[in-house]
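J.: One structure is given below, represented as structure tokens, and several questions about it will come after.
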Amino acid sequence: MNLYEHTIIARQDTSPSELKQLTEKYSKIVEKNDGEVIKTENWGLLNLSYLIKKNKKGSYIHFKIKGMGNVIDELEKSEAIDKKLLRYLTVKVKRFDLETNYFGKKEDGETKEDKKSNA
């Protein structure tokens, strides 16, 4: 089994309920093709580096997927025709980092240095 990190960017005007539907839709595609979604992260609405289809922002959803290559083929085939999505990206990785939440809120102004000194 291969390990993949897969990120999709939905249009900025996509509602939270539509984002949840997108997450469920693509999770079902993975499971239907004998894959497994290990973790799903909703990174929220973030600024894009440049305009994509006249959008300045996008809602990011990140999947950690375990499966064979056909899982990704089916995912990308569905995403290519989905009008709610701006972009998608899949990266094959050697192992997952399940502890770090890169887009989580920092607690009470804590920085990385504070966390290191507490450890």
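When you line the sequence shown up against our numbering, it's residues 57 to 175, in that order. Beta carbons are placed, not taken as given, at the ideal position from N, Cα and C, and that holds for glycine.
1) Count the other C-beta atoms from every protein chain shown that fall within 10 angstroms of the C-beta of I128, then say buried if there are 16 or more, exposed otherwise.
2) Examine the ligand NAD and report whether any of its heavy atoms sits within less than 8 Å of the Cβ of I64.
3) Suppose contacts are defined by Cβ-Cβ distances below 9 Å. Is N65 in contact with Y144 by that definition?
4) Determine contact between the stretch 120 to 127 and the stretch 70 to 79, defined as no fewer than three beta-carbon pairs at a distance below 8 Å.
5) Take D153 as the anchor and find which of N89, Y106, T96, L131 has the nearest alpha-carbon.
6) Taking the beta carbon of I137 as the centre, do at least 16 other beta carbons fall within 10 Å, making it buried, or is it exposed?
7) Which of helix, strand or coil does DSSP assign to K150?
8) Give the range of the beta strand (DSSP E) segment to which I94 is assigned.
9) Spatial neighbours of V149 within its chain, please: CB distance less than 6 Å, with the 5 preceding and 5 following residues excluded, ordered by chain position.
10) Do S115 and L223 count as a contact pair if the criterion is CB distance below 9 Å?
11) Specify, as a first and last residue, the run of the alpha helix (DSSP H) that E135 falls within.
T.: This is what the structure holds:
1) buried
2) You won't find the ligand NAD in this model; it holds no ligand whatsoever.
3) The amino acid occupying residue 65 in the given sequence is Ile; Asn does not appear at that position. Cβ atoms of I65 and Y144: closer than 9 Å.
4) When Cβ pairs closer than 8 Å are counted between the two stretches, the stretch 120 to 127 is seen not to touch the stretch 70 to 79, the count staying below three.
5) T96
6) exposed
7) coil
8) It spans 92 to 108 - the beta strand (DSSP E) in which I94 sits, taken as one unbroken run.
9) L59, E61
10) Nothing can be reported for residue 223, as the shown portion of the chain is limited to 57 through 175.
11) 125 to 136
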